[in-house]
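Shown next, in structure tokens, is the structure this report addresses.
In my numbering, the protein residues as written are 1 to 512.
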């Protein structure tokens, strides 16, 4: 394949750069469309693009196939349904939605000189000043935090990747000196080869997407690719709370790489750094409650944990990760503290939705697995005081509920189980006996029950621990429904009809 000469000038790849040759593009989802759009804006970068796996509804969904190519090159050909790559290609670019065991990927590997994903393609075209963030939970919050800290500290930064903006889409808006802060999923990391960020952040690793990767080992290996090409000046920021992440950190340190640990296996409020300067580590000092980052033997003391608008130990780990990245990129402790304190919670991630009758409502619809739900419950758990009314349910992922039941025994006054997963969840919770368990049919009935049972001082927490697809198109739609119900509750002049199967309750709904 013809070598790529990287650059970072505004406008993407310069026209005089050599072509990438013949490219096999797998899938025509968000990333596939972004690659095609980039090719249209940069004639000459690609000689030919063959698109495989495009659905028959591509035109109906907004792609005009007749104008997907423009004069001059590239020539774009859309393969027939079911057709597989069968000729030689200089490069294959795959979609994160296509698993590695799929026939499209297998055939592309056989016929292309290299197979990569869209983020790596963008990195190869413009490799300077990348910060990459991955992990099972917390990726989006940390990505947005890094971008926010850099921007507030006087640097230019764009948040891209799995957060919703394809990396390659940002290249045309990138000026010299800009940072790209990329959230990368395990799907995207699976198809990386040469990606070498300036700072790489790995948050927690808990079992997820195992059918896609084939096993937990495959999932962990994909996450580890984040550091495969980390340079000697690069920084690996790794959560110390999990065994798999700590093993990756140990291997990197043995290889002579710069590694900063986020807390220890006991969490972000713990540190092995007795004197504050022995090793790279970030933690919350349990005595002063101040976020603290030790980087290259320099101890930086930041703001207090209660000065942040986000809450929960997991968000402290996210904040420490973002702070470590920003400090390593040259920001002062004062600038980082200011940025941390001004950062607002993201939608559907422990998002405060208001207070009605002394009851606080919190939307954590993004918590689609038990690990995220545990962290949410713990964020509102005060010693000896159980005031959480938690809503769990949706499409069941079949994972163990033991640790979630344990967390609820410490922080929940009541759990309300609903949806496809409601039966299994209710059975597991009812066996505990440390709190009240309620079983409801669906999401709306569950919210009605929460309204009926919550009293002043409680927190009604939507943190489903499940996918949303039994009732909603996505977790965002589920969260918006929750917020809509809370908004209706605030309108005292609006009669609130009941959706509960039992006695009538105050249930938010549409008002004429």
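Backbone N, C-alpha and C fix where the C-beta goes; we use that ideal spot for every residue, glycine too.
Cβ neighbours of residue i in the same chain (closer than 6 Å, five flanking residues each side left out)
i	result
residue 62	Model confidence at residue 62 stands at a pLDDT of 47, short of 50, so the residue's coordinates are unreliable and nothing is read from them.
residue 269	284 and 286
residue 324	237, 260, 282 and 293
residue 136	204, 205, 206 and 208
residue 514	The requested residue 514 is not part of the displayed model; the chain covers only 1 to 512.
residue 458	359, 387 and 389
residue 181	131, 143, 146, 147, 157 and 159
residue 258	235
residue 335	153
Rounded C-alpha distance that separates residue i from residue j
i	j	result
residue 315	residue 46	42 Å
residue 65	residue 166	In this prediction, residue 65 has a pLDDT of 45, which is less than 50 and means its spatial position is unreliable; nothing more can be read from the coordinates.
residue 187	residue 95	9 Å
residue 445	residue 345	27 Å
residue 407	residue 488	30 Å
residue 83	residue 115	18 Å
residue 386	residue 409	8 Å
residue 192	residue 226	8 Å
residue 400	residue 433	18 Å
residue 112	residue 233	32 Å
residue 306	residue 451	28 Å
residue 52	residue 85	7 Å
residue 120	residue 371	29 Å
residue 16	residue 126	For residue 16, the predicted model reports a pLDDT of 49, less than 50, meaning its position is unreliable; a value from the coordinates is still stated below. The alpha-carbon atoms of residue 16 and residue 126 are separated by roughly 15 Å.
residue 416	residue 163	30 Å
residue 195	residue 354	42 Å
residue 105	residue 190	12 Å
residue 280	residue 139	21 Å
residue 146	residue 435	38 Å
residue 366	residue 313	17 Å
residue 75	residue 97	25 Å
residue 381	residue 403	15 Å
residue 19	residue 172	18 Å
residue 484	residue 155	37 Å
residue 222	residue 357	47 Å
residue 253	residue 455	51 Å
residue 247	residue 302	28 Å
residue 101	residue 224	19 Å
residue 80	residue 103	15 Å
Residue i in three-state terms, based on DSSP
i	result
residue 363	strand
residue 163	coil
residue 381	coil
residue 389	strand
residue 412	strand
residue 343	coil
residue 250	helix
residue 37	helix
residue 106	helix
residue 336	helix
residue 444	helix
residue 456	coil
residue 155	coil
residue 313	helix
residue 98	coil
residue 22	strand
residue 169	helix
residue 193	coil
residue 228	coil
Limits of the unbroken alpha helix (DSSP H) element including residue i
i	result
residue 482	475 to 490
residue 119	118 to 125
residue 188	186 to 190
residue 219	216 to 224
Same chain only: Cβ atoms within 7 Å of residue i, ignoring 5 sequence neighbours per side
i	result
residue 311	350 and 379
residue 338	152
residue 453	389 and 414
residue 88	111
residue 142	133, 201, 203, 318, 321 and 322
residue 39	45, 46, 49 and 74
residue 54	28 and 78
Rounded distance between the beta-carbons of residue j and residue i, thought under 8 Å
i	j	result
residue 329	residue 150	7 Å
residue 215	residue 184	Not really, about 20 Å apart at Cβ, beyond 8 Å.
residue 424	residue 396	6 Å
residue 392	residue 449	Going by Cβ atoms, the distance from residue 392 to residue 449 rounds to 12 Å, so no, they are not a contact pair.
residue 24	residue 108	5 Å
Same chain, Cβ closer than 8 Å to residue i, five either side skipped, listed in chain order
i	result
residue 471	394, 419, 442, 443 and 478
Beta strand (DSSP E) segment containing residue i, residue limits
i	result
residue 134	130 to 134
residue 146	Looking at the DSSP string, residue 146 is not in any beta strand (DSSP E); the run it does join, the alpha helix (DSSP H), is 139 to 152.
residue 179	179 to 183
residue 236	235 to 239
Any C-beta of chain B under 9 Å from that of residue i
i	result
residue 92	Absence of chain B from the displayed structure is noted, only one protein chain being present.
Residue i beta carbon near the ligand MG (any heavy atom closer than 8 Å)
i	result
residue 162	With respect to small molecules bound, the structure shown includes none, and the ligand MG cannot be examined in it.
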